[in-house]
Amino acid sequence: MKWRKKISFLLFATFMMVNFICEAQNTDSTFNKKMAFKSATLSIKDPVSNIKFGGYFRFFGYIRDLPTMYPLDIPSYYYGVYPQQTTISVGTGYREPMMLLSIGGTAKKNITFGTDLMLNSAYDGNFENSSISLNLGTNFYSTLVSDFGKFKVHAGGISWYRQSKLTVWAEEGYLRYSLFERAPYDPLNKNAVDRYKKYYEQGAIDQDLRFGNVAFQGITFSGNSFPWWFTDGVAFQGILGKTQNNIANIVSPGKDDYCFGLRLNKTNQKKDSYALNYFSSKTATDSTSYIKREYDISTFEFNLNIKKLNLFGEIGFGSYQSSTFERTYGEAIVVNLSTPKEYTLLPIQIQYARIAPEAVNVNSSFTNTSVSELVQTTVIEEGGEPTIMTGFGGPVSSLGYLANNREGLSFNTELEINDFTVSGGFGFYSELSRINSVLSYNHISTGLFLSRISYFSTGYGPYGHLNSYYRGVYENVPITDSTLIDSIGAPLFDKFFCSSDLHLKYKTKLFGKDLYLFSLSNYNTAQDFLSILPTISKDAFIKQLNHQFDVCYALAPKVSIVLKHAYERVVASDKTELDRYDPFPAPNIPGREDLGVVGYEPTFKARNQYGQILGLGLDIMIGEGAFLFLRHSQFSFKDKNFIETNIKGSETTIELKINF
Numbered sequence: 073m074k075w076r077k078k079i080s081f082l083l084f085a086t087f088m089m090v091n092f093i094c095e096a097q098n099t100d101s102t103f104n105k106k107m108a109f110k111s112a113t114l115s116i117k118d119p120v121s122n123i124k125f126g127g128y129f130r131f132f133g134y135i136r137d138l139p140t141m142y143p144l145d146i147p148s149y150y151y152g153v154y155p156q157q158t159t160i161s162v163g164t165g166y167r168e169p170m171m172l173l174s175i176g177g178t179a180k181k182n183i184t185f186g187t188d189l190m191l192n193s194a195y196d197g198n199f200e201n202s203s204i205s206l207n208l209g210t211n212f213y214s215t216l217v218s219d220f221g222k223f224k225v226h227a228g229g230i231s232w233y234r235q236s237k238l239t240v241w242a243e244e245g246y247l248r249y250s251l252f253e254r255a256p257y258d259p260l261n262k263n264a265v266d267r268y269k270k271y272y273e274q275g276a277i278d279q280d281l282r283f284g285n286v287a288f289q290g291i292t293f294s295g296n297s298f299p300w301w302f303t304d305g306v307a308f309q310g311i312l313g314k315t316q317n318n319i320a321n322i323v324s325p326g327k328d329d330y331c332f333g334l335r336l337n338k339t340n341q342k343k344d345s346y347a348l349n350y351f352s353s354k355t356a357t358d359s360t361s362y363i364k365r366e367y368d369i370s371t372f373e374f375n376l377n378i379k380k381l382n383l384f385g386e387i388g389f390g391s392y393q394s395s396t397f398e399r400t401y402g403e404a405i406v407v408n409l410s411t412p413k414e415y416t417l418l419p420i421q422i423q424y425a426r427i428a429p430e431a432v433n434v435n436s437s438f439t440n441t442s443v444s445e446l447v448q449t450t451v452i453e454e455g456g457e458p459t460i461m462t463g464f465g466g467p468v469s470s471l472g473y474l475a476n477n478r479e480g481l482s483f484n485t486e487l488e489i490n491d492f493t494v495s496g497g498f499g500f501y502s503e504l505s506r507i508n509s510v511l512s513y514n515h516i517s518t519g520l521f522l523s524r525i526s527y528f529s530t531g532y533g534p535y536g537h538l539n540s541y542y543r544g545v546y547e548n549v550p551i552t553d554s555t556l557i558d559s560i561g562a563p564l565f566d567k568f569f570c571s572s573d574l575h576l577k578y579k580t581k582l583f584g585k586d587l588y589l590f591s592l593s594n595y596n597t598a599q600d601f602l603s604i605l606p607t608i609s610k611d612a613f614i615k616q617l618n619h620q621f622d623v624c625y626a627l628a629p630k631v632s633i634v635l636k637h638a639y640e641r642v643v644a645s646d647k648t649e650l651d652r653y654d655p656f657p658a659p660n661i662p663g664r665e666d667l668g669v670v671g672y673e674p675t676f677k678a679r680n681q682y683g684q685i686l687g688l689g690l691d692i693m694i695g696e697g698a699f700l701f702l703r704h705s706q707f708s709f710k711d712k713n714f715i716e717t718n719i720k721g722s723e724t725t726i727e728l729k730i731n732f
């Protein structure tokens with residue numbers, strides 16, 4: 073009888089999907105709430121007419137071959153002899169569904185609901201992991217239109233929220249990136265070349281709802297269209313609940329463990345806007361929930377247009393408190409001025425930023441560098457919750473990415489000459505307080521490949537240098553020169569940082585077909601002296617150069633060829649960590665082979681890293697809302713001085729994505 077019930081249920085579900093499936097989401101792979109939850113006339117005769125379905129199926133498989141590799145032992149993810157030269161897998165290793173079914177509907181007038189059902193990979197050998205489960209929970213939406221205004225409430229599962237740069241925001245930078253690798257949440261376009269065409273014409277591509285937003289669970293509320301004369305252009309929004317930096321319990325009994333945000337803004341007839349923002353977070357840090365950490369930030373935000381000048385930014389103050397930190401307050405200032413080319417020959421955006429070390433907020437667009445006890449937790453699979461620390465110390469950031477305990481200026485511009493577009497800029501910053509003697513940097517070009525060696529791990533690699541996060545890797549670099557640190561490792565120097573970008577875009581014709589060329593260069597440095605431009609001095613602690621070159625050729629309306637070359641270079645000075653020991657010493661057990669380089673001799677030199685990627689791919693449209701993406705890349709990453717760091721191989725991926 074049980075199997076008959078299961079078959080009946082499957083037949084019913086199939087029938088429902090065939091009859092009520094929504095139109096393909098060609099420009100965004102996520103469920104469109106505005107369309108799916110639009111109120112419809114209630115019908116007693118046909119109650120399911122108000123239910124709509126959407127979603128996608130995404131198959132991702134890859135073959136990775138590493139003929140050159142350091143000894144690897146990660147039993148949580150791999151099985152068999154180490155290192156494994158060849159890996160054949162389905163899925164990315166992250167918690168990303170193979171199939172996502174979004175369901176939305178109208179329960180009553182002005183009350184809508186939505187939920188996502190996800191099916192993980194069925195090919196990982198774990199049947200339980202391939203069962204159907206909730207993706208972001210069940211969400212309820214309600215809209216109330218009254219004589220007093222228009223109000224919206226959203227409650228339930230995980231949603232995506234942004235408020236302001238200094239309160240709740242995920243930084244996007246200046247939207248300069250490579251298009252060769254695709255993220256799981258990247259939407260589909262109408263044809264094979266649209267992704268590259270739009271990036272060339274607009275400097276941006278269609279993004280998932282998550283882009284620039286912070287994951288949040290709880291209640292969001294908003295209001296506008298108030299009837300009183302003094303409320304013309306006034307609106308508010310807010311949240312009450314939890315971000316990923318609060319613990320898992322929805323409510324800690326009798327204890328504070330939540331975040332709260334509120335924004336009140338006004339826009340006048342000239343399109344100038346003003347806003348007051350507030351955000352606070354309280355999180356228990358022990359099993360009794362009595363010991364906790366908390367931080368808050370209050371800001372004034374503005375966006376003014378004055379004779380073709382655009383002045384916008386945010387000014388406020390924030391604080392942090394825990395069992396080891398007394399509450400103190402510090403300023404947070406980010407001010408931008410954009411000038412048209414009529415005034416300055418070229419359009420220029422100037423940014424001044426000063427964020428005190430006391431202003432701490434891990435849900436904002438700036439990086440925390442002043443409080444080491446703040447860590448971020450990310451779920452990688454059902455039941456797994458590894459904790460890693462984000463890049464701490466002094467991050468050598470790309471242009472547009474800010475950090476606290478730092479002050480500086482940046483300049484950006486863009487120039488168009490026929491089919492050629494040049495954009496770029498530079499920035500220089502200094503730390504406000506001497507907190508630690510550590511620097512950190514991301515592997516911009518090679519980070520995606522390195523992160524797949526060990527997901528969400530801290531201190532892996534032969535020397536424990538690598539730390540992986542979602543689709544990326546960073547390294548921490550301590551300063552070890554005895555003249556720059558005291559007996560306990562505290563710094564006796566000031567940190568200064570420089571960053572620069574150069575982005576080139578060009579469109580031409582080849583055999584009558586569109587050809588798009590993209591070149592992106594980043595050069596970032598960290599040193600103990602002030603420099604307006606990134607320095608080439610050998611005294612710089614870290615010098616990092618990245619260059620990524622992408623090509624897209626529209627072979628046919630439904631087929632595009634994509635190519636990539638990426639080069640990464642990182643050079644550290646002898647004032648930083650040196651190679652002093654063999655990470656794989658010869659064993660004293662008879663019959664056991666010596667792992668790694670035989671007869672290893674330390675170089676007593678600092679990091680000297682090279683990374684390179686050569687890639688070829690095809691984007692194939694196989695139907696409306698259905699694409700096939702093929703990629704093959706040759707990859708290498710080595711350190712000339714830490715010689716056990718030597719990785720070389722190839723990776724071939726196939727992605728089939730269908731929207732329904």
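At position 44 of the sequence shown (counting the first as 1) the number is 116 in this note's numbering, and the numbers step up by one without a gap.
Note that beta-carbon positions come from the ideal geometry of N, C-alpha and C, so glycine has one too.
Own chain residues within Cβ distance below 6 Å of residue i, not counting five before or after
i	result
residue 393	366, 399
residue 279	none
residue 595	572, 606, 617
residue 537	547
residue 781	The structure shown does not extend to residue 781, since the chain spans only 73 to 732, so no value can be given for it.
residue 500	480, 570, 604
residue 676	650
residue 227	212, 291
residue 728	131, 700
residue 720	140, 708
residue 506	563
residue 597	570, 606, 607, 612, 615
Spatial neighbours of residue i in its chain, beta-carbon cut-off 8 Å, leaving aside the 5 residues before and after
i	result
residue 485	418, 419, 420, 421, 495, 496, 497
residue 310	292, 293, 294, 332, 333, 334, 335
residue 463	Only weak support exists for where residue 463 lies, its pLDDT of 48 falling under 50; the coordinates are left without a value.
residue 722	136, 137, 704, 705, 706, 707
Closest residue to residue i among the options (Cα-Cα distance)
i	options	result
residue 237	347, 621, 633	347
residue 617	606, 623, 547	606
residue 413	579, 488, 249	488
residue 379	342, 385, 368, 397	342
residue 437	718, 559, 233	233
residue 21	688, 601, 642, 246	The chain is shown from 73 up to 732; residue 21 falls before or after that span and cannot be answered.
residue 405	545, 428, 349, 416	428
residue 286	169, 434, 528, 627	434
residue 652	713, 283, 423	713
residue 626	583, 593, 614, 374	583
residue 397	443, 318, 718, 297	443
residue 129	312, 160, 171	171
residue 187	125, 239, 159, 242	125
residue 382	350, 423, 682, 357	423
CB-CB length for residue i against residue j, believed under 8 Å
i	j	result
residue 471	residue 571	4 Å
residue 655	residue 535	5 Å
residue 647	residue 566	Residue 647 to residue 566, Cβ: 14 Å. No contact.
residue 599	residue 250	Not a contact, Cβ separation roughly 27 Å.
residue 512	residue 467	5 Å
residue 339	residue 290	Between residue 290 and residue 339 the Cβ distance is about 27 Å, and since that is not below 8 Å, they are no contact.
residue 642	residue 608	Rounded, the Cβ-Cβ distance is 14 Å, inconsistent with contact.
residue 544	residue 561	Actually they are not in contact, since the Cβ atoms of residue 544 and residue 561 sit about 27 Å apart, beyond 8 Å.
residue 640	residue 516	7 Å
residue 374	residue 431	About 18 Å separates the two Cβ atoms, so there is no contact after all.
Cβ of residue i within 7 Å of any chain C Cβ
i	result
residue 542	Among the chains of the structure shown, chain C does not appear; only one protein chain is present.
Residues near residue i by beta carbon distance below 7 Å, same chain, minus five either side
i	result
residue 216	182, 223
(message) Suppose only complete runs of 4+ residues qualify. What are the alpha helix (DSSP H) ranges in the stretch 352-426, listed by chain order?
(response) 413-416
(request) Output the residue ranges of the beta strand (DSSP E) runs that lie fully inside the stretch 466-520 and measure 3 residues or longer, sorted by chain position. (result) 478-489, 492-503, 510-514
(message) With a threshold of 8 Å, are at least 3 pairs of Cβ atoms found where one atom belongs to the stretch 175-187 and the other to the stretch 209-220?
(response) yes
(request) Ignoring anything shorter than 4 residues or poking outside the stretch 570-601, list the alpha helix (DSSP H) runs there in chain order. (result) none
(request) Please determine if the stretch 685-702 and the stretch 620-639 are in contact, where contact requires at least 3 C-beta pairs separated by less than 8 Å. (result) yes
(request) List in chain order: all unbroken alpha helix (DSSP H) runs of 4+ residues lying wholly within the stretch 228-312. (result) 266-274
(request) Specify whether the stretch 625-634 and the stretch 260-276 touch according to this definition: at least 3 beta carbon pairs, one from each stretch, less than 8 Å apart. (result) yes
(message) Restricting to runs no shorter than 3 residues, where is the beta strand (DSSP E) found entirely within the stretch 686-729?
(response) 698-711
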